[in-house]
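For the sequence shown, my numbering begins at 50 and goes up steadily by one. Even glycine gets a Cβ: it sits at the ideal position worked out from N, Cα and C. It should be emphasised that the depicted structure is a prediction, and the values quoted were computed from it without experimental measurement.
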Amino acid sequence: MQQPPQSPGGTSEATQDDSIIPPSGDDSEIEVVAHQKRKDRSNSLVQDPDGGAALSSDKDLPKKVVPSKSQHQATKRPRKSTLDTSVNRQTNEQEPDSPNLIFLVPQYISETSRRLTLAANTTFGEAQEEMYNLIGCQDVKVKPDLSYKLATATVKAKSIALNSDEDWVGLLEDINQGGNKQKKSPLPISIFVEEKYLASLRVYRGAASKTASAGSSKAKKGKVPLMDLDGGDEDDGGSGDPSIHEKESKALEQLDAVLNGCQKCGPGVSCKIAVDGSHVMLTFQQRQAWSIALAHGTSGVTLQTPPRSNQFRMFFKDLVKEEPVTASSAQASAPQGLGGGIDTTAMTTVAGTMAGMMMGMSNIFGGGPWMMPPPGHPPQAAPAFPPTPTPFKALKYDHLLSSPPTEPDSAAYPLISDFFQQLDQMDATGSRNLSQYLKTFLEEDFFYINELADYSEDKLVDVFKMSRGNARFFCQALAKEMKKVRREFRK
């Protein structure tokens with residue numbers, strides 16, 4: 050077996066090759082270097098012409114190039130770096146922050162809701178103010194009660210109150226617990242306001258007619274009782290007592306149940322027996338005026354006793370006795386003139402003349418001079434009956450009148466309650482609140498608008514404590530409405 054050639058220095062080549070191998074802790078790297086060493090050793094043996102093997106010089110030996118650590122790593126399969134993943138995750142999370150809270154807030158002006166975006170650190174006061182601005186009640190004295198529902202809530206789930214700081218904290222807790230844990234974008238939160246408040250706000254703002262067509266389905270179900278948004282009358286908007294409209298409706302139902310029990314007139318006829326024993330069928334205006342008086346607790350008014358007014362005079366003996374003499378009764382009892390009787394003026398003149406002549410003729414037999422008596426002058430006779438003012442209603446139904454009446458009956462005019470509701474709708478500013486005076490008028494037994502025709506602007510201010518602007522607005526609207534009724538009556 051051939052020994053490896055010795056170097057001039059007496060050391061073997063293997064020793065020199067081993068001395069140039071850099072120490073490394075990687076076994077795979079040592080194996081690669083050893084393999085390269087054996088390959089280079091075989092290439093370094095040159096065949097001698099004599100058949101012997103000759104060793105090339107040290108200069109001819111190829112130098113080994115040990116791959117660097119970076120080159121060695123490049124040949125390996127790259128491993129997934131956990132650092133890169135975390136960096137990528139942080140980069141994705143550094144996208145612009147989406148809003149934390151999104152609310153869907155209703156509006157009084159339409160049936161749709163408005164979108165409100167708030168940050169999670171918004172306080173309850175700030176959120177409430179923003180919601181009031183979208184609803185449209187920021188300058189109204191009476192504010193609505195708010196409630197909310199999460200988007201994850203069921204349809205039958207009741208809304209939760211949102212009227213205090215504690216409620217706001219509860220809302221944030223509900224969102225953190227079940228709202229948006231697995232959602233990239235926040236879910237909307239629905240805000241609810243009572244429909245009665247929104248309807249009252251539409252009337253207050255003068256927008257009731259604009260939303261009537263949009264909400265026609267709701268309008269068919271019946272009138273929504275309105276609230277007093279100025280806080281003047283707690284009965285109209287409070288949550289404790291029913292509104293005045295509900296009281297009037299309930300009183301009308303109770304009254305109809307009593308009036309429809311007449312056995313003679315039959316069911317469905319609102320009948321009441323008058324003082325003369327006749328059965329009087331009440332009109333809707335009479336029943337409505339009666340129910341309004343009941344709802345407001347007018348003194349002396351019950352389900353059996355109507356209000357003491359000219360409209361119900363046939364049910365009170367003292368009002369029937371005090372009825373003045375009408376033109377028809379006066380004309381029937383007066384002496385007739387040229388129309389078919391004796392003229393009382395002519396009778397008086399003839400009787401006076403004849404009496405004077407008889408006195409003159411009596412002197413013929415008395416011996417005295419006979420003198421022609423002066424013609425008799427009729428005495429100033431008193432009228433047959435004192436002039437009395439003719440009541441308006443008697444003129445309308447007097448069959449002896451030659452011309453039809455020129456003024457409508459009280460029943461032709463609108464009720465005061467309807468007129469005040471019309472005034473609130475006419476008020477473009479929404480700040481007059483004239484309906485607050487309705488209760489005062491009803492307590493004074495005013496039921497139709499023509500009964501207030503004699504009340505001037507000054508009288509409304511002094512008696513009913515109206516402001517000067519409201520009194521002027523009321524008088525102008527009253528005169529216009531009465532003129533309209535009279536014009537329709539004369540057609």
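Excluding the 5 residues flanking residue 472 on each side, which residues of the same chain have their C-beta closer than 8 Å to its C-beta? 481, 483, 484, 522, 523, 526, listed in sequence order.
In whole angstroms, what separates the C-alpha of residue 316 from that of residue 301? The straight-line gap from Cα to Cα measures roughly 16 Å.
So the candidates are 241, 330, 307; which of them puts its Cα closest to the Cα of residue 152? Among 241, 330, 307, the Cα nearest to that of residue 152 is on 241.
When the Cα atoms are used, what is the spatial distance from residue 359 to residue 368? Taken atom to atom, the span from the alpha-carbon of residue 359 to that of residue 368 is near 8 Å.
Could you pull out every unbroken beta strand (DSSP E) segment of at least 3 residues lying fully inside the stretch 328-372, listed in chain order? Listed in chain order, they are 328-330.
Does the stretch 328-347 come close enough to the stretch 463-479 to have 3 or more Cβ pairs within less than 8 Å? The way I'd put it, the stretch 328-347 does touch the stretch 463-479; three or more beta-carbon pairs between them come closer than 8 Å.
Can you grab the Cα-Cα spacing for the pair residue 183 / residue 362, in whole Å? Cα to Cα, residue 183 sits roughly 54 Å from residue 362.
I'd like to check one pair, residue 199 with residue 223: are the Cβ atoms closer than 8 Å? Yes.
Alpha carbon of residue 156 to alpha carbon of residue 165, nearest angstrom: Straight-line Cα distance between these residues: approximately 12 Å.
Let me check one thing: in DSSP terms, what residues is residue 240 bridge-paired to? Looking at the DSSP assignment, residue 240 forms a beta bridge with 197.
For residue 160, which option in 237, 293, 243, 354 has the closest C-alpha, if you only look at C-alpha atoms? Residue 243 is the option with its Cα nearest to residue 160.
Just the Cα atoms here: how many angstroms apart are residue 308 and residue 356? Taking the straight line from one Cα to the other gives about 15 Å.
Measuring CB atoms only, is the stretch 165-176 touching the stretch 199-210, in the sense that at least three cross pairs come out at less than 8 Å? Note that the stretch 165-176 does not touch the stretch 199-210; fewer than 3 beta-carbon pairs, one per stretch, sit closer than 8 Å.
Candidates 154, 162, 158: closest to residue 177 by CA position: The shortest Cα separation from residue 177 among 154, 162, 158 belongs to 154.
Note down, in chain order, each residue of its chain lying with its Cβ closer than 7 Å to the Cβ of residue 513, except the 5 sequence neighbours on either side. If we look at residue 513 and ignore the five residues flanking it on each side, its Cβ neighbours are 486, 489.
Check the DSSP bridge columns for residue 155 and list the partner residues they point to. Partner(s): 162.
Leaving out the 5 sequence neighbours to the left and right, which residues in its chain are closer than 7 Å to residue 529 when beta-carbon positions are compared? Sequence-distant partners of residue 529 (beyond 5 residues in either direction) whose C-beta falls short of 7 Å from its own C-beta are missing from its chain.
Just grab the DSSP bridge partners of residue 167 for me. Residue 167 is bridged to 150.
Distance check for residue 518 and residue 192, CA to CA, integer angstroms please. Rounded to the nearest whole angstrom, the CA to CA distance from residue 192 to residue 518 is 26 Å.
Bridge partner(s) assigned by DSSP for residue 320: Checking the DSSP bridge columns, you'll see residue 320 partnered with 330.
Pull up the distance between the alpha-carbon of residue 520 and that of residue 508, whole angstroms please. Their Cα atoms are separated by approximately 9 Å.
Should residue 345 and residue 491 be called a contact, given that it needs their Cβ atoms to be closer than 8 Å? In this structure, the beta-carbon distance from residue 345 to residue 491 falls below 8 Å.
Excluding the 5 residues preceding and the 5 following residue 187 in the sequence, name in chain order all residues of the same chain whose CB lies nearer than 6 Å to its CB. Correct list, in chain order: 181.
Are residue 352 and residue 312 closer than 8 Å when you measure CB to CB? Their beta carbons are not under 8 Å apart, which means residue 352 does not touch residue 312 by this criterion.
Under the three-state DSSP convention, the category residue 502 falls into: Reduced to three states, the DSSP call for residue 502 is coil.
Apply the 10 Å Cβ neighbour rule to residue 226 and answer buried if 16 or more other Cβ atoms are within range, or exposed otherwise. Exposed is the call here.
Assuming residue 253 contacts residue 278 under a Cβ cut-off of 8 Å, what Cβ separation, rounded to an integer in Å, is found between them? Confirmed, about 5 Å.
By the 10 Å Cβ neighbour count, where 16 or more other Cβ atoms means buried, how is residue 470 classified, buried or exposed? With 16 or more Cβ atoms within 10 Å of its Cβ, residue 470 is classed as buried.
Thinking C-alpha only, which one of 189, 218, 516, 185 is nearest residue 197? Proximity to residue 197 across 189, 218, 516, 185 peaks at 218, based on C-alpha coordinates.
First and last residue of the alpha helix (DSSP H) that includes residue 190? According to the DSSP assignment, residue 190 belongs to no alpha helix (DSSP H), since it is labelled neither H nor E.
Rounded to whole angstroms, what's the CA-CA distance from residue 534 to residue 320? Just pull it up for me. Roughly 28 Å separates the two Cα atoms.
Is it right to say residue 204 is buried, meaning 16 or more other beta carbons lie within 10 angstroms of its own, or is it exposed? It counts as exposed.
Taking the C-alpha atoms as reference points, what is the distance between residue 389 and residue 504? Per-residue confidence for residue 389 stands at a pLDDT of 41, beneath the threshold of 50, marking its modelled position as unreliable; the derived number appears in the next sentence. Looking at the two C-alpha atoms, the distance is approximately 46 Å.
Between the Cα of residue 238 and the Cα atoms of 220, 249, 506, which residue gives the shortest distance? Among 220, 249, 506, the Cα nearest to that of residue 238 is on 220.
Sequence-distant residues of the same chain with beta carbon closer than 7 Å to residue 364, five excluded per side: Within its own chain, the residues whose Cβ lies closer than 7 Å to the Cβ of residue 364, once the five positions on either side in sequence are excluded, are 321, 323, 324, 355, listed in chain order.
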